[in-house]
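Numbering (this note's numbering), first residue to last: 1 to 263.
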């Protein structure tokens, strides 16, 4: 692993505070958070809804302390394995899964996803379904050739990664390498769903600034293709005008891409 990536990961392990980061996901309280969240939830719903991507196993790369990205997928996959690099993020996610008192209240987000699916009132059932479907929370390092070692897993039907790779990979080569590493987790013809932001150089977690790799659409597409994927769908949306003065992050647009492993 390059020294730059190693140093960045140490910074996350030391300074990333899950409950501060989760302020982004308090609907109606963070303009930047809302902008990203509504975009991603709508497209994940479209990707995983009935007739969309489905299968036995989905691996979520860089889950953080978050569940929003799994709310639609849990209807289409028998098992989900969540992963993250930092101990604190994995612990926070485990607490929610085990219903430990005082964890983040995801119910407004869950209700919104249920509304997209046609029945807002089923939100409590949705939470329980997700808790049943997520069977493990594992350590992950996308900079390693085997990102989940020492865990040994069956090949996944789908790998999902949301708002992760541009933060975990600070060079273009590291980003390309991460895609190659993630590809090894997928079965032949399996799918990668990647969500993120364009042109992001940083985002804030409280008073701490976390650097990002500024991605361009052309680079992401070329990197996927050179890493052994065929792009099936790419959705983008410019940053909402009302968030432009918000200094929590400097992304210019959001994207979601669906790509299939070449074999």
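Glycine included, every Cβ here is placed at the ideal spot set by N, Cα and C.
- Counting the other Cβ atoms within 10 Å of the Cβ of residue 153 gives fewer than 16, which makes it exposed.
- Within the DSSP secondary-structure output, residue 86 pairs in no beta bridge.
- Taking the Cβ atoms as the reference, residue 142 lies roughly 6 Å from residue 182, within the contact range of under 8 Å.
- Going by DSSP, residue 60 is part of the beta strand (DSSP E) stretching over 55-61.
- By the C-beta density criterion, residue 226 is exposed, having fewer than 16 other C-beta atoms within 10 angstroms.
- Straight-line measurement puts the Cα of residue 123 at about 7 Å from the Cα of residue 107.
- Between the segment 186-206 and the segment 248-258 there are three or more C-beta pairs closer than 8 Å, enough to call the two in contact.
- Here DSSP, grouped into helix, strand and coil, assigns residue 67 to coil.
- Residues 76 of the same chain have their beta carbon placed closer than 6 Å to that of residue 54, with the five preceding and five following residues left out of the count.
- Contact check between the segment 167-183 and the segment 206-223: three or more CB pairs, one atom from each, fall below 8 Å, which counts as touching.
- Of the candidates 194, 196, 42, 256, the residue whose Cα lies closest to the Cα of residue 117 is 42.
- Residue environment for residue 239: buried (at least 16 other C-beta atoms within 10 angstroms of its C-beta).
- Only residues of its own chain outside the window of five on either side were considered, and among them 18 have a CB closer than 6 Å to the CB of residue 88, listed in chain order.
- In this chain, the beta strand (DSSP E) harbouring residue 136 covers 134-139.
- Restricting attention to 211, 82, 22, 229, the CA atom closest to the CA of residue 104 is found in 22.
- Excluding five sequence positions before and after residue 262, the CB atoms of its chain that fall closer than 8 Å to its own CB belong to 228, 229, 230, given in chain order.
- By DSSP's assignment, residue 162 forms a beta bridge with 195.
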